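>
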Amino acid sequence: MQHQLQQMNETKAMYDSILDQLEEGVCSIDPQGKIIFYNRKMGELDTLEPEAVREKRLEDIWPLDEETSTLLTSLRTGRVLNHRETHFANNGKAVTTLSRTMALYLGNKKVGAVEISKDITEQKQLTDTIYQLQKQTSGATVPLLPTVEKSNTRYQFETIIYSSKEMGYMIEQARRSARSRSNILIVGETGTGKELIAQSIHNESPRKHKPFIAQNCAALPEALLEGLLFGTSVGSFTGAIDRAGLFEQAHGGTLLLDEINSMNPNLQAKLLRVLQERKIQRLGSSKLLDIDVRVVATMNEDPHEAIANERLREDLYYRLGVVTIFIPPLRMRREDIPVLIEFFIQKHSNGLGVDVVGLDDDVFQFFLNYSWPGNVRQLEHTIEGSLNLVYDETMISYDHLPPDFKQKMNQLAEPSLPAQPSVHDYRGNLPEQIERLERVMIEQALRDSRGNVTKASEQLGIPRQNLNYKLKKYDLKNVRGMLR
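The sequence shown begins at 1 in full-length UniProt numbering and counts up by one.
(1) Should Lys473 go down as buried or exposed, given a rule of 16 or more other Cβ atoms within 10 Å for buried?
(2) How many angstroms separate the CA atom of Ile396 from the CA atom of Glu384?
(3) Using a Cβ-Cβ cut-off of 8 Å (strictly less than) and excluding sequence neighbours within five positions of Asp65, which residues of its own chain qualify?
(4) Whole angstroms is fine: what's the gap from Glu222's alpha carbon to Ala308's?
(5) Would the stretch 376-395 count as touching the stretch 191-199 if we require 3 or more Cβ pairs under 8 Å?
(6) Bridge partners for Leu85 per DSSP, in chain order?
(7) Helix, strand or coil for Leu471? Go by DSSP, reduced to three states.
(8) Keeping to the same chain, check which residues put their C-beta closer than 8 Å to that of Leu387; ignore five residues upstream and five downstream.
(9) Have a look at Asp448 and Lys270 and give me their C-alpha separation to the nearest angstrom.
(10) Whose C-beta lies closer than 6 Å to the C-beta of Ser457 among residues of the same chain, with five residues either side of it excluded?
(11) Decide if Leu225 is buried, meaning its Cβ has at least 16 other Cβ atoms within 10 Å, or exposed.
(12) Taking just the CA atoms, how far does Gln281 sit from Val339?
(13) Using DSSP bridges, identify the partner residues of Asp290.
(14) Along the chain, where does the alpha helix (DSSP H) that runs through Gln249 open and close?
(15) So, does the stretch 304-320 touch the stretch 150-167, judging by three or more C-beta pairs under 8 Å?
(16) Could you tell me the distance, in whole angstroms, from the CA atom of Gly43 to the CA atom of Gln276?
(17) Are the CB atoms of Ile260 and Ala297 within a distance shorter than 7 Å?
(18) Mind the definition here: the stretch 37-57 touches the stretch 6-21 only if three or more C-beta pairs lie below 8 Å; say whether that holds.
(19) Using DSSP's beta-bridge definition, name the partner residues of Ser28.
(20) Please report the straight-line C-alpha distance between Ala198 and Ile186, rounded to a whole angstrom.
(21) What does the alpha-carbon distance come out to for the pair Tyr318 and Ala219?
(22) Quick check on DSSP: helix, strand or coil for Asn108?
(23) Using the Cβ count rule (16 or more neighbours within 10 Å means buried), how would you classify Ser182?
(24) What distance in whole Å lies between the Cβ atoms of Glu335 and Ser164, which are believed to be in contact at a cut-off of 8 Å?
(25) For Gln215 and Ser371, what's the separation of their Cα atoms in angstroms?
(26) Figure out for me which residue from Tyr169, Ser233, Pro211, Glu158 has the closest Cα to the Cα of Leu196.
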């Protein structure tokens, strides 16, 4: 019997030691409200020594009763309580915690309650700092969240500048999806105009007279973004008041969540529940509110790649991507470049006081062939920057281009091998494509060997004589000589 008792004490000591290593505070009570466990982290949060707290009643340590203590409330009712609170520890320091309190059972018998608390003081301080900065920059009476009374959109499908069939197909898809209430996922590279499409969908939909609200998910930390989306109640953090979140403000309208793949996975899970239940719960409140909001989300990477890299929850993707719209990058719709150039020149010329009508031939050809990694946004900024350097000229020339574009044009003008085609350039029958690929591989081998045919043939794994034949076949003698 004594041996069994010793084993039980050793086991309890081991569990106590394990719980003391946690970064969350843990406090448990028995059915009489006596503290039976209080770990190291909880002591840090309260600036109390665990030994001074254990085996004492809650009321002996804090001025609490069954109405004000979450532990005693959970013990009495059996309910699970999730709550955030800011309190002052014994050293006078404000501490903000996010806690979960629940009753403990052995079988059907209630044997106590436990509270697990996570320190979120730093996140709360960041929230308060941003709140104060917004008050300073926008005026003390301006709330943290904007009040939206009507749609503040300015883009419609009719205002989109394009001439390519790729964009025409995408816009037709977007127009059709606008009529439904389903959520939409817009996928496109940076600068392709995802918000432009989102606003156009809203303005084509039955919700067009209701609010359209956009929020970038990468711009804010998780704690602040959660408050922005779902709203806050009095006491959820220092200075918090009852304030509607973006979901409430967008009621009846559209909420655009930009860069959804930048949202923390924990917050993605909460968003998924909102989309499923169509209800939200403000921070610090237990009340569920019905919402009628269409969510349009955007991302700048392939959804399946984001899922594989754990930047996007798969279940959220299937919920958001009921309708998925892919915006083609500018390099895949080069027919749009001339009309976009004309539009951006007209747009910015008047404001800058210049009378420019176009690009000179060299610059125009370069713009047509350039890959535009920043897409339409990069094209617009390049034209606007060039117009700032125009004096009385009527054409944008090489001299007006930004330095990085001048460098790229200089590189293009230097003797070089033909540019490798991208995968999108491979069109035609199979023999033609095999020949094109063979030529590309030969050019690359010559580039790697600096024109040495022997080394190039070794790299390609073919006899030198065969390579000489193919050099004649593809008329690559000049390329070989240029590399020597």
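Note that beta-carbon positions come from the ideal geometry of N, C-alpha and C, so glycine has one too. These numbers were taken from a predicted model, which means no experiment stands behind them.
According to the data block:
(1) exposed
(2) 11 Å
(3) Glu59, Leu72
(4) 21 Å
(5) yes
(6) Note that residue 85 corresponds to Glu in the displayed sequence, not to Leu. Partner(s): Thr97.
(7) helix
(8) Ile345, His348, Ser349, Leu352, Val354, Val356, Ile396, His400
(9) 52 Å
(10) Arg464, Leu467
(11) buried
(12) 47 Å
(13) Lys279
(14) 246-249
(15) no
(16) 39 Å
(17) yes
(18) yes
(19) Phe37, Val114
(20) 8 Å
(21) 24 Å
(22) coil
(23) exposed
(24) 4 Å
(25) 29 Å
(26) Glu158
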